[in-house]
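Engineer: Residue numbers (my numbering), protein chains in the order written: chain W, 1 to 517; chain Z, 1001 to 1047; chain E, 2001 to 2186.
1. Grab the span of the alpha helix (DSSP H) containing residue 253(W) for me, first residue to last.
2. Contact between the segment 233-243 of chain W and the segment 261-268 of chain W is defined here as three or more beta-carbon pairs at a separation below 8 Å; is this criterion met?
3. Please list the partners that residue 2031(E) has in chain W, where partner means a Cβ-to-Cβ separation under 9 Å.
4. Shortest alpha-carbon distance to residue 294(W) belongs to which of 286(W), 266(W) and 140(W)?
5. Cutting at 6 Å between CB atoms, please list the residues of its own chain near residue 339(W), excluding the five before and the five after it.
6. Going by DSSP, what residue range makes up the beta strand (DSSP E) through residue 2132(E)?
7. What residues in its chain sit with their C-beta under 7 Å from that of residue 510(W), if we drop five residues either side in the sequence?
8. Does the distance from the C-beta atom of residue 2052(E) to that of residue 1026(Z) stay below 8 Å?
9. Restricting to Cα atoms, I'd like to know which of 285(W), 354(W), 428(W) and 355(W) is closest to residue 372(W).
10. Report all residues from its chain with a CB closer than 8 Å to the CB of residue 255(W); omit the five preceding and five following residues, and keep chain order.
11. Can you give me the C-alpha to C-alpha distance between residue 106(W) and residue 30(W), rounded to a whole angstrom?
12. Spell out whether any CB of chain Z is found under 8 Å from the CB atom of residue 2186(E).
13. Would you list, in chain order, the members of the segment 2039-2056 of chain E that have their beta-carbon closer than 7 Å to a beta-carbon of chain Z?
14. Please state whether DSSP places residue 2159(E) in a helix, a strand or coil.
15. Taking only the alpha-carbon atoms, compute the straight-line gap between residue 35(W) and residue 97(W) and give it to the nearest angstrom.
16. Using beta carbons (cut-off 8 Å, strictly below), is residue 1013(Z) in contact with chain E?
17. Please classify residue 398(W): is it buried, with 16 or more other beta-carbons within 10 angstroms of its beta-carbon, or exposed?
18. Residue 19(W): buried (16+ other C-beta within 10 angstroms of its C-beta) or exposed?
19. Determine which residues share a DSSP beta bridge with residue 2194(E) and list them.
20. The beta strand (DSSP E) spanning residue 2140(E) covers which residue range?
21. Could you tell me which of 173(W), 66(W), 126(W) and 356(W) sits nearest to residue 114(W), measuring between CA atoms?
22. Flag this pair as yes or no: are the beta carbons of residue 218(W) and residue 175(W) separated by less than 8 Å?
23. Is residue 1044(Z) close to chain E, meaning its C-beta is less than 8 Å from at least one C-beta of that chain?
24. For residue 221(W), which residues in the same chain have their Cβ closer than 8 Å to its Cβ, ignoring the five residues on either side in sequence?
25. With a 10 Å radius around its C-beta and 16 neighbouring C-beta atoms as the bar for buried, classify residue 2149(E) as buried or exposed.
26. Output yes if chain W places a C-beta closer than 8 Å to the C-beta of residue 2015(E); else output no.
27. What did DSSP end up calling residue 2056(E) once you bin it into helix, strand or coil?
28. Can you list the residues of chain E that residue 1034(Z) reaches, using a CB-CB cut of under 7 Å?
29. Determine the DSSP secondary structure at residue 232(W), reduced to helix, strand or coil.
30. Anything in the segment 2154-2171 of chain E with a Cβ closer than 7 Å to a Cβ of chain Z? List those residues in chain order, please.
31. Using 8 Å as the threshold, is the C-beta distance between residue 2029(E) and residue 2018(E) below it?
32. Whole angstroms is fine: what's the gap from residue 258(W)'s alpha carbon to residue 291(W)'s?
33. Count the other CB atoms within 10 Å of the CB of residue 132(W); is the residue buried (16 or more) or exposed (fewer)?
34. Within 8 Å (strictly less), CB to CB, does residue 1021(Z) reach chain W?
35. Which partner residues does residue 1037(Z) have in the DSSP bridge list?
36. At least one CB of chain E closer than 8 Å to the CB of residue 1003(Z): is that the case?
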């Protein structure tokens, strides 16, 4: 940007841009013919002579649109609706030019030129947005950028043979752009960002139309960007209005995903729950409640439901997050693997807490990501271990193993905060009928029945109950685990003081029990 | 309490809250095509 | 018992706080997700009509822009070929529709003229259409003002509403002179 513009370049750009806007609005019927005439004029002006003038043209043209937007929106006499219409008439025309240039650039079979151009334009808009946010601060206006992104995406998503060929690359370019503009980087753009990534055409493309679900991992990354941004604001008990609004919008998007793409939430649940604060119980429940559409869930309230007779519990759920890689540092992973293999040295168990604790600051003592990854990794290893002995996981086969050593050690050795996070990591696996749900359900019940202190039992109850008293939805695995806990006399659930510690708590248990029994 | 970085992010979010995008801003403009445009009295609806 | 927020006492605190200030614990108690404007019982997918994260309802068919083949967009080429309208045949409702949706167009004037013929009057300051209530005679005249009960057309709710008015008749619009505009429409 520090290279001086050639003399008159900005005027040329402005002239061409205005010319195109006029063409767009007056010759809509045979726009393509006018477009080719216009391109030859661009060529005449030297704009298409190479990358550098073209980039310069786009930067000045985009800047022109943005300046127009600020002028119009900040004009106290202008009617806002009319101002926006005028801005959109301008921007939409400019975006159509970009789309036509992308579509017609390079040889029709070669997509590289087209995608290069698209990425250049997106890069310019991103650069201008971030600069603008820096300059204007809280006076930043997102409107122009919002309009450019959505209209460009709609233009490039129109049914068209050339564009269809490069649709995956187009969506990748936009995902990349939205990732760069994620709310923690561009907080002034956060509402537009959520509007863009949840636009029905964008969702339709990335989650439904791209074959072999190739868009899913990119979309999961965008959701993780959103959760990470929200997390610090959701830790507070009281949500400020702007946070509440963004949170509510996020719930709406998750509901659409739960309804239309439950498998997507199933496959990426671990990564999502890993960045959602533990106190966001309903939002986390919403993700954990997803189950594959072709699956019929047995009614969890069925008396004498024989969970271990369900054939789904032999199937491991897909998990597209590489949680094993999250177990750091490497030597800790090595020690873990050797302990799981050899069930020695015992010192591994006593060092466990030291690996998990990162500070003494209450509320942020532990490395939650490591805790979540460790729990899931140990659990999946346990299932494999039991299977290797031609057994199926149940309340007897899960005991007396290196895996259960680790869980029992965590239950005993961690303080209240650590234990709460540990139990949450287990409860995050109580989902739809699958081998993880079944194993972790057994594991948490086993920890309850074998607990050597009531505090462990109390916290197990707390973690399960707080997930049940929140508004729906509730994950299937959570329900069946809690029902088993309060119905099976082996757990002597009703004998514990914490069940009767206050009238409200007692009332809660009775109402849950009534609905279960 | 929020870290410094998050406080700044919150201020930006809060400012953005007052320029909330509306669903129509994500939809194409509808071009209203006159059949026979004529000047109408200013006190008639103009929009 | 566990004496901090990670045990039952912690949960109890939430529950009690929820009773006194629901806003305080929206995250822990959650909200009724069926009240977020999404038809969660829908057999069809929601995303094709999703109105956006900040919309309280799904997008209506008229809000959604469908990709239509350009050759379908013929309104530019056929607008001179449309058949003439005989507004006399239409009810008030349709006349109001034409008046409010054909802004800046001859059709707006034509609808106004027809409404004027049917004893509706457009108040130039209030910018509403009013008419006397049929059969009602108790209108007090006093120079250029007239007081009584009228119908006015409430465009927001799209219906006629009875209301007491004191009308300055000089503010009532004259009937548009369509011939003067010289376009030959009805």
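The beta carbon of each residue, even a glycine, is placed where N, CA and C say it ideally should be.
Structural biologist: The short version:
1. 241-260
2. no
3. 248, 251, 282 and 471
4. 266(W)
5. 348 and 402
6. 2128-2132
7. none
8. yes
9. 428(W)
10. 286
11. 22 Å
12. Any reading at residue 2186(E) must be qualified, since the residue scores a pLDDT of 40, below 50, and its modelled position is unreliable; the value itself is stated next. Not an interface residue.
13. 2051, 2052, 2054 and 2055
14. strand
15. 8 Å
16. no
17. buried
18. exposed
19. Outside the shown range of chain E, which is 2001 to 2186, sits residue 2194(E), and nothing can be said about it.
20. 2140-2142
21. 173(W)
22. yes
23. yes
24. 175 and 179
25. exposed
26. yes
27. coil
28. 2104 and 2105
29. helix
30. none
31. yes
32. 9 Å
33. buried
34. yes
35. 2105(E)
36. no
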